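Let me begin by presenting the structure, written as structure tokens, before commenting on it.
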Amino acid sequence: MRSTVPERDAALAWDVARPSRSSRVAGLSMAGFRARATGPIDLRAIPHPAVTLVLESGNGPLVVDNATGRQQRGSLVARLAFGGVRVRGEKIECVQVRLSPVVARAVLGVSPAELDHAVVALDDLWGREVSRIRERLGQARSWQERFAVTDALLVRRREAGPSVDPEVAWIWTRIVGSRGRARIDELALEIGWSRKRLWSRFRSQIGLSPKRAARLVRFDHAAHRLAAGEGAARVAAEEGYTDQSHLHRDILAFSGVTPGTVAGEPWLAVDGTAWAGS
49 MRSTVPERDA ALAWDVARPS RSSRVAGLSM AGFRARATGP IDLRAIPHPA
99 VTLVLESGNG PLVVDNATGR QQRGSLVARL AFGGVRVRGE KIECVQVRLS
149 PVVARAVLGV SPAELDHAVV ALDDLWGREV SRIRERLGQA RSWQERFAVT
199 DALLVRRREA GPSVDPEVAW IWTRIVGSRG RARIDELALE IGWSRKRLWS
249 RFRSQIGLSP KRAARLVRFD HAAHRLAAGE GAARVAAEEG YTDQSHLHRD
299 ILAFSGVTPG TVAGEPWLAV DGTAWAGS
């Protein structure tokens, strides 16, 4: 597998690197991003069904603004279904990690439900450890060394952290496997839980209700199909939306833009390179 990917499209803001091997933590994938030297970056971030962890290693700073005007700089965590987030900066270099919410609780040390903002500074969760991580990543001589440092850190945290209920993990797996089209009440019956118990345990450990999690997974598939050039009517029909208006509402709710706009977002255009096969 190639470590780096050359520039192919002027609309893409990043040079991207991928690990030569999978993480030792199931449900975790990572990629390296280096800002191209053509000027400042200002991109709309598109939500994904994973908790996003960004470990800064370059000259930065990486600046993130959300819809409420709150701003974060440096290493950070973005919760599931974050909305209205923009990424800015120059000379940014970082390792981005996508964490399944099933393992996010252990790795972060807190449940995703406890993240009180769309984006949270990692220093607020891990304290001084963040400075040590940044220093080690900055001293690494290659992307593969950075990935090894990151993986070792996350393996250690995963082993020390609390797990989610096996039933919650199973429900999440079924939601993802069905592309967000599983019937939540039927899943609750399969594990022998009441709807109220499932909603409560799932939300407290994953950070979203089961229904909203399913909507997020379905949105992700739809947004990527739109970015690949497929028509909105076909995507709506094949991804389980009632009609094209239903698709429009969900795309707008999660991304803040229309299906036509989300189809051209550079944030999605890089996904095939950064996260292929993950």
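My numbering puts the first residue of the sequence shown at 49, with every later residue one more than the last. Just so it is clear, CB atoms sit at the ideal spot from N, CA and C, and this is done for glycine as well. Nothing here was measured: the structure is a model prediction, and the numbers come from that model.
Proximity below 7 Å, CB of Val197 to CB of Arg176: Taking 7 Å as the Cβ cut-off, Val197 and Arg176 do not qualify as a contacting pair.
Keeping to the same chain, check which residues put their C-beta closer than 6 Å to that of Glu138; ignore five residues upstream and five downstream. Answer for Glu138: Pro88, listed in chain order.
How long is the line joining the alpha carbons of Ala152 and Val203, rounded to whole angstroms? Cα to Cα, Ala152 sits roughly 12 Å from Val203.
Check whether the stretch 284-291 touches the stretch 311-320, taking contact to mean three or more Cβ pairs, one atom from each stretch, closer than 8 Å. By the C-beta criterion, the stretch 284-291 is judged not to be in contact with the stretch 311-320, since fewer than 3 inter-stretch pairs fall below 8 Å.
So, with DSSP's three-state summary, where would you put Glu278? Of the three classes helix, strand and coil, the one that applies to Glu278 here is coil, per DSSP.
Are three or more beta carbon pairs between the stretch 124-131 and the stretch 73-82 nearer than 8 Å? No contact exists between the stretch 124-131 and the stretch 73-82.
Could you tell me whether the Cβ atoms of Val135 and Leu91 are closer together than 7 Å? The answer is yes: Cβ separation under 7 Å.
One question on the structure: do Gly68 and Gln144 come within less than 7 Å of each other, judged by their Cβ atoms? In the sequence as presented, Gly is not what sits at residue 68; that position holds Ser. No, the Cβ-Cβ distance between Ser68 and Gln144 is not below 7 Å.
Complete runs of the alpha helix (DSSP H) confined to the stretch 89-166 [at least 4 residues]: The qualifying runs are 149-156.
Arg194 in three-state terms, based on DSSP: Arg194: helix per DSSP, three-state reduction.
For Val224 and Phe267, the rounded distance between their alpha carbons: Distance between the alpha carbons of Phe267 and Val224: 11 Å.
In the DSSP assignment, find the alpha helix (DSSP H) that holds Asp298 and state where it starts and stops. Taken as a continuous stretch (DSSP letters only), the alpha helix (DSSP H) holding Asp298 covers Gln292 to Ser303.
Kindly indicate which residue of Leu101, Gly106 and Thr321 has the alpha-carbon position closest to the one of Trp174. It is Leu101 whose Cα lies nearest to the Cα of Trp174.
With DSSP collapsed to three states, give me the class of Asp213. Assigned with DSSP and collapsed to three states, Asp213 falls in coil, not helix or strand.
Per DSSP, which residues does Leu76 bridge with? Please list them. Looking at the DSSP output, Leu76 bridges to Leu147.
Which word fits Arg50, buried or exposed, when buried means at least 16 other C-beta atoms lie within 10 angstroms of its C-beta? Confidence in Arg50 is poor, its pLDDT being 36 and thus under 50, which makes the residue's placement unreliable; the coordinate value appears in the next sentence. So Arg50 ends up on the exposed side.
Report the partner residues of Ala169 according to the DSSP bridge assignment. Beta-bridge pairing links Ala169 to Leu124.
Sort Asp291, Val318 and Ala324 by Cα distance to Trp62 and report the nearest one. Minimum Cα distance to Trp62 is reached at Val318.
Measuring CB atoms only, is the stretch 110-123 touching the stretch 161-170, in the sense that at least three cross pairs come out at less than 8 Å? The stretch 110-123 makes contact with the stretch 161-170: 3 or more CB pairs, one atom from each, lie closer than 8 Å.
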